[in-house]
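First residue of the sequence shown: 44, per this note's numbering; consecutive thereafter. Working notes for the structure below.
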Amino acid sequence: MTAPYPIQYVKGVGPRLGEKLAARGIRTPHDALYFFPRDYEDRRKVVPIRELTSGMTVPVRGKILSVQGGGKGFRPTRLLEVVIADGTGRLSAKWFRFHPSLAERFRVGETVTLCGPARWFRFFPEMHHPEILAEEDAADPVHSGRIVPVYPEVEGVPPRVLRKIQWEVVQRHASFEIECFPAGILERVGIPPLQESLASLHFPRDDADAERFREFSSPQQRRLIFGELFALQWALTLRRAGTEREEAIPLPWDREIVDEIKRRLPFDLTGAQRRVVNEILKDLGKPHPMHRLLQGDVGSGKTIVAWIAAMVAWRHGVQAAVMAPTEILAEQHYRKFLERSAGLPVRVALLSAALPPKEREAVRNRIRDGEADIVVGTHALIQESVAFRNLALGVIDEQHRFGVLQRASLRRKGRISPHLLVMTATPIPRTLAITLYGDLDVSVIDEMPRGRLPVRTKVVTEDGRRKVFEEIRREIARGGRAYVVLPLVEESEKIALRDATRTAERLREAFPGVGVGLLHGRMKAAEKEGTMGRFKDGDLQLLVSTTVVEVGVDVPEATVMVVEHAERFGLSQLHQLRGRVGRGTRPSSCFLMAGGEQGEEAAARLSIMEKTVDGFRIAEEDLRIRGPGDFAGVRQSGIPDLVFADLVRDASILNLAKEIAAELQREDPSLSAPDHIGIRRFLAMRSTALRGEHPSPSSRD
Ligand code: ADP
Ligand code: MG
Numbered sequence: 044m045t046a047p048y049p050i051q052y053v054k055g056v057g058p059r060l061g062e063k064l065a066a067r068g069i070r071t072p073h074d075a076l077y078f079f080p081r082d083y084e085d086r087r088k089v090v091p092i093r094e095l096t097s098g099m100t101v102p103v104r105g106k107i108l109s110v111q112g113g114g115k116g117f118r119p120t121r122l123l124e125v126v127i128a129d130g131t132g133r134l135s136a137k138w139f140r141f142h143p144s145l146a147e148r149f150r151v152g153e154t155v156t157l158c159g160p161a162r163w164f165r166f167f168p169e170m171h172h173p174e175i176l177a178e179e180d181a182a183d184p185v186h187s188g189r190i191v192p193v194y195p196e197v198e199g200v201p202p203r204v205l206r207k208i209q210w211e212v213v214q215r216h217a218s219f220e221i222e223c224f225p226a227g228i229l230e231r232v233g234i235p236p237l238q239e240s241l242a243s244l245h246f247p248r249d250d251a252d253a254e255r256f257r258e259f260s261s262p263q264q265r266r267l268i269f270g271e272l273f274a275l276q277w278a279l280t281l282r283r284a285g286t287e288r289e290e291a292i293p294l295p296w297d298r299e300i301v302d303e304i305k306r307r308l309p310f311d312l313t314g315a316q317r318r319v320v321n322e323i324l325k326d327l328g329k330p331h332p333m334h335r336l337l338q339g340d341v342g343s344g345k346t347i348v349a350w351i352a353a354m355v356a357w358r359h360g361v362q363a364a365v366m367a368p369t370e371i372l373a374e375q376h377y378r379k380f381l382e383r384s385a386g387l388p389v390r391v392a393l394l395s396a397a398l399p400p401k402e403r404e405a406v407r408n409r410i411r412d413g414e415a416d417i418v419v420g421t422h423a424l425i426q427e428s429v430a431f432r433n434l435a436l437g438v439i440d441e442q443h444r445f446g447v448l449q450r451a452s453l454r455r456k457g458r459i460s461p462h463l464l465v466m467t468a469t470p471i472p473r474t475l476a477i478t479l480y481g482d483l484d485v486s487v488i489d490e491m492p493r494g495r496l497p498v499r500t501k502v503v504t505e506d507g508r509r510k511v512f513e514e515i516r517r518e519i520a521r522g523g524r525a526y527v528v529l530p531l532v533e534e535s536e537k538i539a540l541r542d543a544t545r546t547a548e549r550l551r552e553a554f555p556g557v558g559v560g561l562l563h564g565r566m567k568a569a570e571k572e573g574t575m576g577r578f579k580d581g582d583l584q585l586l587v588s589t590t591v592v593e594v595g596v597d598v599p600e601a602t603v604m605v606v607e608h609a610e611r612f613g614l615s616q617l618h619q620l621r622g623r624v625g626r627g628t629r630p631s632s633c634f635l636m637a638g639g640e641q642g643e644e645a646a647a648r649l650s651i652m653e654k655t656v657d658g659f660r661i662a663e664e665d666l667r668i669r670g671p672g673d674f675a676g677v678r679q680s681g682i683p684d685l686v687f688a689d690l691v692r693d694a695s696i697l698n699l700a701k702e703i704a705a706e707l708q709r710e711d712p713s714l715s716a717p718d719h720i721g722i723r724r725f726l727a728m729r730s731t732a733l734r735g736e737h738p739s740p741s742s743r744d
């Protein structure tokens with residue numbers, strides 16, 4: 044362990060820089076050791092100018108041919124340009140922001156070594172804002188002649204100064220760190236001990252593979268990644284072991300129950316649905332709570348599975364609760380459940396904020412007295428004022444819209460732990476699912492109901508709008524329905540409402556004789572339900588809506604989805620929206636309207652939607668582009684921010700960490716074997732750090 048003295052006493056720091064470092068969370072040498080490079084530059088070899096290609100960041104050395112600008116003389120300029128030549132070519136180095144004294148460091152005829160990102164402009168390579176490697180740097184092990192770390196910016200500390208500080212820290216402190224994993228584990232993962240890893244990942248050895256360091260796949264970096272992911276998997280494994288010890292009301296099924304339910308199914312279940320129903324029924328029969336995630340792409344038919352589980356609970360005389368993220372969806376489930384169980388003495392109730400207070404009170408009383416068997420609702424279900432008589436099954440639909448905390452609140456509504464089924468339309472990539480749901484068993488519906496056609500998807504610019512309108516007209520004439528979805532305006536719901544209202548008006552003009560409805564988050568729940576109902580019945584054929592229809596809404600007659608300003612949506616969100624159509628047997632289309640100046644990036648991003656309807660692939664892509672923090676539910680999941688690990692990049696280590704954590708928990712759950720004491724100390728230290736007593740700086744910006 045490193046002594047916890049203040050960073051200002053490290054050579055070259057002092058009180059002023061010490062303050063700047065502390066502002067970035069670097070208070071001690073130990074913090075500095077864990078402040079990792081975000082990239083590396085390979086400066087081992089000076090590269091001939093002719094061999095430069097755009098994107099390379101390498102040193103070049105040449106004679107100075109000219110120095111222009113730089114504020115010397117009569118009129119200071121805002122550009123400093125230094126041209127050098129090395130016999131193979133010429134290179135222009137440019138500075139747009141600089142200290143006036145910079146120009147004085149260059150004298151025509153002298154030789155200089157520069158290192159910066161190269162790019163070709165017209166016929167010459169350029170470097171913008173290169174670092175100047177002074178000649179005496181040749182003997183300097185910090186900035187030259189080696190693979191050099193590039194750190195995240197620390198305000199007020201120039202990059203070279205920061206690098207020098209890190210060098211000092213690594214020299215003096217890295218070897219005092221203590222490896223917590225036994226040699227056997229290190230060997231199995233293929234990683235060196237902590238001391239060596241820390242030293243090398245700041246200043247890679249001369250024979251290191253620079254590319255692997257840049258990709259964060261060197262064994263030394265993997266050591267740190269492993270530590271982080273192991274701690275995560277340990278926590279998740281513990282959580283899971285906890286639920287296995289809990290008690291629950293067993294709800295075994297028998298022929299009679301199954302036959303009764305089967306008779307009421309409006310269609311044959313798909314093979315995948317049958318498989319997951321069996322998995323769920325098996326769990327429900329156990330005296331320990333089920334803790335199962337049901338994944339299935341949009342439209343794969345998860346609702347019926349939830350209904351079957353709820354019916355099993357009813358047959359056992361206990362209560363089931365089904366929670367959905369929106370009023371519209373709760374209402375929709377409620378109606379479906381009523382319809383399916385017509386003629387049976389099942390009492391289905393809807394607990395919605397839309398109910399007048401008196402009625403809401405009445406529903407709450409029925410739930411408390413056990414006069415409601417299956418309760419459908421929104422977040423309203425987990426409010427303090429709601430008490431169940433004997434809740435034995437909780438279902439959470441569109442789980443990704445809720446956090447882990449809400450999952451826990453629903454569980455607490457049972458006198459003893461209810462069985463829990465959480466459902467999601469897979470907007471969460473596999474790697475992330477392992478961590479988010481590492482404590483759950485997973486069932487997957489990987490098959491669509493028969494006769495479904497993939498939704499034809501097109502990215503359309505304003506020029507193509509006429510064609511889109513023609514398609515809407517044709518489909519409505521055939522008895523179909525269409526959605527037009529607008530993005531939510533972040534700053535103001537008012538503006539969103541105005542936009543939606545205007546769009547609806549315009550569409551009424553454009554489609555005379557067509558019933559155009561408007562759905563918006565600001566409408567009262569009862570109004571929303573009314574509009575939704577009229578759209579379902581076909582009284583309205585065109586529905587203008589903000590993203591309130593994003594999840595779960597099921598109107599099989601709808602065959603056209605138009606998303607306005609599609610570039611403002613995340614891919615997974617677009618996938619959800621697209622899932623509102625293609626629910627019947629007729630071919631459907633989805634048009635992604637891309638606003639005027641969509642950047643290339645936006646277009647490339649949207650084109651993925653044209654290429655695939657696979658929710659998994661889309662989610663992985665989304666994760667790659669936006670990072671895990673943006674996935675709803677991740678932030679509140681209680682999962683610590685990962686400093687060094689990346690759930691996509693490091694999936695293989697994640698799995699290995701899971702395996703090893705599970706083994707250790709089986710063999711030595713208290714980590715008291717001599718070989719494991721280090722791990723115990725490491726985990727204990729991490730959990731203090733997580734509680735904020737010792738915040739570690741992050742290397743990610
Ligand atoms: P999601 O998985 O997105 O929640 P839903 O449960 O809303 O999907 O189902 C989508 C549509 O498919 C609904 O109209 C539902 O009635 C229908 N459906 C579900 N399962 C089947 C099946 N096995 N055969 C035919 N249609 C089905
Ligand atoms: Mg659904």
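For glycine and all other residues, C-beta sits at the position ideal for the given N, C-alpha and C.
For the 8 angstroms CB-CB criterion, L562 and T574 form a contact. Per DSSP, reduced to three states, the secondary structure at S588 is strand. Pairing A645 with E610 gives a Cβ-Cβ distance under 8 angstroms.
For M354, no beta strand (DSSP E) run applies; the uninterrupted alpha helix (DSSP H) run containing it begins and ends at 346-358, by DSSP. When P80, I50, F79, L275 are compared, the shortest CA-CA separation from A66 is found for I50. If you draw a 10 Å sphere on the C-beta of D250, you find fewer than 16 other C-beta atoms in it, and that means exposed. Contact between V341 and A468 is confirmed by a C-beta separation of about 5 angstroms, below the 8 angstroms threshold.
Comparing alpha carbon positions, the residue from A356, R86, T346, C158 closest to K379 is T346. Taken atom to atom, the span from the alpha-carbon of K54 to that of W210 is near 10 angstroms. Fully enclosed beta strand (DSSP E) runs of no fewer than 3 residues occupy 632-636 of the region 611-666, in order along the chain. With 16 or more other CB atoms across the displayed protein chains lying within 10 angstroms of its CB, P72 is buried. By alpha-carbon distance to L205, the top candidate from I107, A662, P192, F431 is P192.
Only exposed fits H142, as fewer than 16 other CB atoms lie within 10 angstroms of its CB. Remark: C-beta atoms of D597 and Q276 do not approach each other more closely than 8 angstroms.
In this structure, P368 sits near T421, with a CB-CB distance shorter than 8 angstroms.
With a cut-off of 7 angstroms, the C-beta of A662 is classified as distant from the ligand ADP, since no heavy atom of the ligand falls inside that distance. The C-beta of F224 has 16 or more other C-beta atoms within 10 Å across all chains shown, which makes the residue buried. In this structure, the straight-line span from the alpha carbon of R724 to that of K701 is close to 19 angstroms. The ligand MG has a heavy atom closer than 7 angstroms to the beta-carbon of D440. Between V438 and A539, the CB-CB gap reaches or exceeds 8 angstroms. With at least 16 other beta carbons inside 10 angstroms of its own, L337 counts as buried.
Sixteen is the threshold: when 16 or more other Cβ atoms of the shown chains lie within 10 Å of the Cβ of D85, as they do, the residue is buried. In this structure, L108 and V151 form a Cβ contact; the two beta carbons are roughly 7 angstroms apart against a cut-off of 8 angstroms. Relative to the ligand ADP, the nearest heavy atom lies less than 7 angstroms away from the CB of I347. If you draw a straight line from the Cα of R458 to the Cα of F431, it is about 8 angstroms long. A straight-line Cα-Cα distance of about 53 angstroms links R288 and D542.
About 16 angstroms separates the Cβ atoms of R358 and L464, ruling out a contact at the 8 angstroms cut-off.
Taken through DSSP and simplified to helix, strand or coil, F139 comes out as coil. Counted as a single uninterrupted DSSP element, the alpha helix (DSSP H) harbouring K207 occupies residues 202-216. Scanning its chain for C-beta atoms nearer than 6 angstroms, with the 5 sequence neighbours on each side dropped, one finds around I304 the residues I351, M354, in chain order.
Between K571 and E370, the C-beta spacing is below 8 angstroms. Apart from the 5 residues on each side of it in sequence, G98 sits with its Cβ closer than 8 angstroms to the Cβ of P160, A161, R162 in its chain, given in chain order. S384 carries a coil assignment under DSSP once its states are collapsed to helix, strand and coil. Distance from the CA atom of P236 to the CA atom of I696, rounded to whole angstroms, is 16 angstroms.
Taking C-beta separations shorter than 6 angstroms and ignoring five residues to either side along the sequence, the partners of T313 in its chain run E490, P492, following chain order. When the five nearest sequence neighbours on each side are left out, the beta carbons in the same chain lying within less than 6 angstroms of the beta carbon of G344 are those of Q316, P492, in order along the chain.
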